[in-house]
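Note that the sequence shown covers residues 159 to 533 in the working numbering.
Here a beta-carbon is modelled for each residue, glycine too, at the ideal position from N, C-alpha and C.
A short write-up of the structure that comes next.
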Amino acid sequence: MFFKDVTGCRELKENLLQIAGRERVPHSILFTGRQGTGALALAIAFAQYLNCGNRQPEDACGECSQCRKYARLEHPDLHFVFPVARKKEGPREPVSDDYITMWRQAVLENHYLSLYMWLEAMGVENKQGFISRNESVQILKKLALKSFEARYKVMVIWMAEKMNPHAAGTLLKILEEPPPGTVFLLIAEDTDQILPTILSRTQIFRVPGLDRDLTESIMTDMGVDDPARAERLLRLSEGSHLKLQELVNEDDQATYNFSMFVQFMRLCYVPDFVGVTKWTEEMAARGRERQKHFLNDALRLIRGNFILNIEAGDMDLLTEEEKEWSAKFSQFIHQGNIFSLCDEFSRASVHIEHNGYGRLVLFDLAIKTARLLKT
Ligand SMILES: [Zn+2]
159 MFFKDVTGCR ELKENLLQIA GRERVPHSIL FTGRQGTGAL ALAIAFAQYL
209 NCGNRQPEDA CGECSQCRKY ARLEHPDLHF VFPVARKKEG PREPVSDDYI
259 TMWRQAVLEN HYLSLYMWLE AMGVENKQGF ISRNESVQIL KKLALKSFEA
309 RYKVMVIWMA EKMNPHAAGT LLKILEEPPP GTVFLLIAED TDQILPTILS
359 RTQIFRVPGL DRDLTESIMT DMGVDDPARA ERLLRLSEGS HLKLQELVNE
409 DDQATYNFSM FVQFMRLCYV PDFVGVTKWT EEMAARGRER QKHFLNDALR
459 LIRGNFILNI EAGDMDLLTE EEKEWSAKFS QFIHQGNIFS LCDEFSRASV
509 HIEHNGYGRL VLFDLAIKTA RLLKT
């Protein structure tokens, strides 16, 4: 992982680069920031930079043998501790190492990972995750190992506030007499839940949220081509990369849904059932959740068009682009068909939810819509 993988945080990165350049690196650093701000990614990037065999002025080289192992998060001197929960088929008292492969995959997939996302990846999203008493035994074991090949042995403790008191006590003892060559990188969202005695032995860095002046980098990173849209998304993200990703996805999906809705209505109006077949093929390929999302959006669009038609004021909840198209289309949604259209789209959604065969459900919906548009 690289510093450049986290957008923004310029000052903090400069600080970390300086620290890495010093003779003595603090043996314990805590990165704290709200969910989705990239604290975990920065900690790993810092660890990689510490150990890189060919440090560049602003980032690790990415090519040396240390960097290559870090890229897969599989370096033998890089250890992870994170909250886990008991799974039915898993060990009775799980520790991080039981789920390390899954963890690496989850972090590499999205380094802004939240605790909920992680527990979901583990398949235990309805449970609380903890760093257990057992884990402290593992930590001690790992510290006893000689460093294999790296300059620094690094122990990343993610969501350190989830440490059980016994584990926290063990960590405190270690920090009182830190083993040479080992760096502890703690990551926490809420430092109030961490022992003050641990905090006092730790250098603390606050990871800031996304800033207004990042609009341009956001546009490049997320492939958003309209500056006004990038700014709006940035504002709504409340500083969280994670939320920003979600917003961009939702936005993309809404745009896609709208264009699919326009196609669907055109095909039904003609009616062109060969076209409908192709349309259902594309939609079915996108999976059940997407289909449900489309049907929900379609319901909103139908309602919006009806409201436009009866000139019921600004309750239509349509975007400008949608409104422009609806100016012509809304005449086809009226009191004579609004009830049936809403019923049919809702029913289709229920059928898909209950494992109905997507293509058939949608084709059936098209036949009914074609008839209703002519009412
Ligand atoms: Zn390197």
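With DSSP collapsed to three states, give me the class of residue i.
i           : result
residue 237 : strand
residue 186 : strand
residue 214 : coil
residue 497 : helix
residue 163 : helix
residue 475 : coil
residue 491 : coil
residue 310 : coil
residue 368 : coil
residue 193 : coil
residue 254 : helix
residue 391 : helix
residue 220 : coil
residue 244 : coil
residue 249 : coil
residue 337 : coil
residue 509 : helix
residue 482 : helix
residue 386 : helix
residue 326 : helix
residue 282 : coil
residue 502 : helix
Which two residues bound the contiguous beta strand (DSSP E) that contains residue i?
i           : result
residue 341 : 340-346
According to DSSP, what are the bridge partners of residue i?
i           : result
residue 315 : 239 and 344
residue 289 : 321
residue 362 : 188
Determine the extent of the alpha helix (DSSP H) in which residue i is found, giving its start and end residues.
i           : result
residue 461 : 445-467
residue 402 : 399-427
residue 263 : 258-267
residue 206 : 197-209
residue 440 : 431-442
residue 350 : Neither: residue 350 is in no alpha helix (DSSP H) and is coded neither H nor E.
residue 524 : 516-531
residue 379 : 373-380
residue 223 : 223-229
residue 271 : Residue 271 -> no alpha helix (DSSP H), and no H or E assigned at all.
residue 303 : From DSSP, residue 303 is part of no alpha helix (DSSP H); its letter is neither H nor E.
residue 173 : 168-179
Just to confirm, does residue i get its C-beta within under 7 Å of one of the non-hydrogen atoms of ligand 1?
i           : result
residue 264 : no
residue 268 : no
residue 211 : yes
residue 203 : no
residue 308 : no
residue 193 : no
residue 216 : no
residue 221 : yes
residue 224 : yes
Does the beta carbon of residue i come closer than 8 Å to any beta carbon on chain D?
i           : result
residue 279 : In the displayed structure, chain D is absent; only one protein chain is listed.
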